[in-house]
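S.K.: Numbering (my numbering), first residue to last: 2 to 354. Think of the CB as a built atom: it goes at the ideal place given N, C-alpha and C, for glycine as much as any other residue.
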Amino acid sequence: MNKPDVLVVGGGVVGCAVALEAAGRGATVVLLERERLAAGASYGAGGMLAPQVEADRPGPLLELGLRARAMFPGWCAALEGAAGLDMGGILRVVATEAGADALRERARWQRAMGLVARLCDPAECAELAPGGASAVLGLWVPDGRVDAHGFTLAVAQAALRAGAQIRLGVPVSRVLDGAVEAAGTRWEAGAVVVAAGAWSGLLCGVPVAPVKGQRLMLRHTGAPLPLTLWSDRCYLVPKAGGRVLVGATEEPEAGFDRRATVAGVAALAAAAAATLPALAAAELEEAWAGFRPAAPDRLPLLGRLPGHERTWLATGHHRNGILLAPLTGLLLAEAILEGAALPAACDPGRLQA
Ligand code: GLY
């Protein structure tokens, strides 16, 4: 393909979603990925579709998240592959009275917005999450989950079926206006979309920095955890085959240190066993570390790279990359190909000095 309409930089979930939505609209699309698909956060993410649990207040993040969450049933139905969608809710539990007050307040403002947010007494918590440590109060919300890795690969497959080309092992070293340089070659395009996750800042000079997260995968042979359980200390996300993902540390000072550390593993293991005591006997299958791409205000950057006409950003999704990917793909494709407006709160220009 000589000069595609859209050239995407990054083979994570966001890049694949942009490729899918653009190709689905008839655009010619090339995606460049320096390693392999889902090599970064899209491999290890918890896969929670959790706008109601993640947002501490009403605002643009919650609005985007709710819109994105509603897209998943349709998206996953159209994908081939094991996306692992489950919309069975998330139970957030607290072990202190102060935590209970905060949970009641969260339920209050979410209900005032018309959202479902059900407070659960200790008996209801035990029913929803059998074997969970005793809770003072719980809050059930209709959030969900996917298998992050499986979902990303399924989106990439759908993009290929829609006509996108995916080139692996092509490291982009420079981003220009409507072009990139990669491995000594210049690639021109009608539009370039940088979806390089935590590396977007290095590539484009925008304030997107890595926030390291470690997580564990446990092989649990006890009674399966029926829904995602979020405590004061960690979240536990059920995965296929009785596995449980335990997340996650937040280490903004660690930079691009990709090591899973003894301190990180020990803290997560202790938190998991404190939240669901049977997990003390689980097998540690994998300890993993990756990087959330974070802007200073923790909102995504969706729009033109400042000073550029034909280079766009789709990055900065911080803790919500999997959740926000379908919406990001849709919004970027509509903006680039149809001139639609993007959410003002996500304008990259807001971060310029
Ligand atoms: N979305 C959960 C996390 O980033 O840890």
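Please output, in chain order, the residues near the ligand GLY using a CB cut-off of less than 6 Å to any non-hydrogen atom of the ligand.
M.R.: Gly-47, Met-49, Gly-214, Gly-248, Ala-249, Arg-293, Arg-320
S.K.: Note down the Cα distance separating Leu-300 from Glu-251, rounded to an integer number of angstroms.
M.R.: 16 Å
S.K.: Would you tell me roughly how many angstroms separate the C-alpha atoms of Trp-289 and Ser-43, rounded to the nearest one?
M.R.: 12 Å
S.K.: Looking at the unbroken alpha helix (DSSP H) that takes in Pro-294, where does it start and where does it end?
M.R.: That residue, Pro-294, is in no alpha helix (DSSP H); its beta strand (DSSP E) goes 284-295.
S.K.: Can you tell me which of Val-238, Thr-312, Arg-187, Arg-107 puts its alpha carbon nearest to the alpha carbon of Gly-47?
M.R.: Val-238
S.K.: On the three-pair Cβ rule with 8 Å, is the stretch 259-273 touching the stretch 201-220?
M.R.: Enough Cβ pairs lie closer than 8 Å, so yes.
S.K.: Three or more beta-carbon pairs under 8 Å between the stretch 313-325 and the stretch 263-279, yes or no?
M.R.: Fewer than three Cβ pairs drawn from the stretch 313-325 and the stretch 263-279 lie within less than 8 Å of each other, which leaves the two stretches out of contact.
S.K.: Here's a check: name, in chain order, each residue in its chain whose Cβ is nearer than 8 Å to the Cβ of Pro-61, leaving out the five neighbours to either side.
M.R.: Leu-300, Pro-344, Ala-346, Cys-347
S.K.: For my contact list, Ala-183 and Pro-172 are in at a C-beta cut-off of 8 Å; report their separation, rounded to the angstrom.
M.R.: 6 Å
S.K.: Do Val-7 and Ala-192 have their CB atoms nearer than 8 Å?
M.R.: yes
S.K.: For the beta strand (DSSP E) containing Trp-188, list its first residue and its last residue.
M.R.: 186-189
S.K.: May I ask you to report which of helix, strand or coil DSSP gives Ala-196?
M.R.: coil
S.K.: Where in the stretch 20-48 do unbroken runs of the beta strand (DSSP E), each at least 3 residues long, occur, reported from the N-terminal end onward?
M.R.: Segments of the beta strand (DSSP E) lying fully in the stretch 20-48: 30-34.
S.K.: On a Cα-Cα basis, can you pick out the residue from Pro-5, Asn-3, Ala-341, Glu-34 that is closest to Trp-200?
M.R.: Glu-34
S.K.: Quick one, which of Asp-87, Met-88, Leu-104, Gly-89 has its alpha-carbon nearest Val-95's?
M.R.: Leu-104
S.K.: Going by the beta-carbon positions, is the gap between Gly-139 and Leu-92 smaller than 8 Å?
M.R.: The answer is yes: Cβ separation under 8 Å.
S.K.: Measuring only the C-alpha atoms, how far is Val-195 from Ala-71?
M.R.: A direct Cα-to-Cα measurement between Val-195 and Ala-71 gives close to 25 Å.
S.K.: Quick check: what's the CA-CA separation for Arg-187 versus Leu-325?
M.R.: 30 Å
S.K.: Does the Cβ-Cβ distance between Asp-233 and Gly-132 come in under 8 Å?
M.R.: no
S.K.: Apart from the five residues on each side of it in sequence, which residues of its chain come closer than 8 Å, Cβ to Cβ, to Ala-108?
M.R.: Ala-118, Arg-119, Leu-120, Leu-140
S.K.: Going by the beta-carbon positions, is the gap between Leu-353 and Pro-294 smaller than 8 Å?
M.R.: A small correction: the amino acid at residue 353 is Gln; Leu does not occupy that position in the sequence shown. In this structure, Pro-294 does not lie closer than 8 Å to Gln-353 by Cβ.
S.K.: What are the residues that DSSP puts in a beta bridge with Pro-211?
M.R.: Paired residue(s): Pro-294.
S.K.: Can you list, in chain order, the residues of its chain whose CB lies under 6 Å from that of Ala-160, leaving out five sequence neighbours each side?
M.R.: Answer for Ala-160: Cys-17, Ala-20, Leu-21, Ala-24, listed in chain order.
S.K.: Between Glu-287 and Leu-277, what straight-line distance do the alpha-carbon atoms span, to the nearest angstrom?
M.R.: 18 Å
S.K.: Who pairs with Gln-111 in a beta bridge, going by DSSP?
M.R.: Partner(s): none; Gln-111 has no beta bridge.
S.K.: Terminal residues of the continuous beta strand (DSSP E) containing Gly-304?
M.R.: Run containing Gly-304: 302-305, per the beta strand (DSSP E) assignment.
S.K.: Tell me which same chain residues have a C-beta within less than 8 Å of the C-beta of Gly-322, skipping the five on either side of it?
M.R.: Closer than 8 Å at Cβ, skipping near neighbours: Gly-13, Val-14, Val-15, Ala-42, Ser-43, Ala-46, Gly-198, Arg-293, Pro-294.
S.K.: Straight-line CA distance for Arg-68 to Leu-328?
M.R.: 7 Å
S.K.: Would you tell me roughly how many angstroms separate the C-alpha atoms of Ala-136 and Ala-127, rounded to the nearest one?
M.R.: 8 Å
S.K.: Among all the DSSP beta bridges, which residues are the ones paired with Cys-121?
M.R.: Gly-139
S.K.: Among Glu-254, Leu-285, Pro-253, Gly-256, which one has its Cα closest to the Cα of Ala-267?
M.R.: Leu-285
S.K.: What is the rounded straight-line gap between the Cα of Ala-356 and the Cα of Glu-335?
M.R.: The displayed coordinates of the chain run from 2 to 354. Any statement about residue 356 would go beyond what the structure contains.
S.K.: Let me make sure I understand the geometry here. Which of Gln-166, Glu-81, Gly-89 has the alpha-carbon closest to that of Gly-151?
M.R.: Residue Glu-81 is the option with its Cα nearest to Gly-151.
S.K.: Is it buried or exposed for Thr-312, if we count other Cβ within 10 angstroms and need 16 for buried?
M.R.: buried
S.K.: Please work out which residues of its chain come closer than 7 Å, Cβ to Cβ, to Trp-358, disregarding the five sequence neighbours upstream and downstream, and give them in chain order.
M.R.: Because the chain here runs from 2 to 354, residue 358 falls outside it and cannot be looked at.
S.K.: Under the assumption that Asp-148 contacts Ala-84 (Cβ atoms under 8 Å), give the Cβ distance between them as a whole number of angstroms.
M.R.: 6 Å
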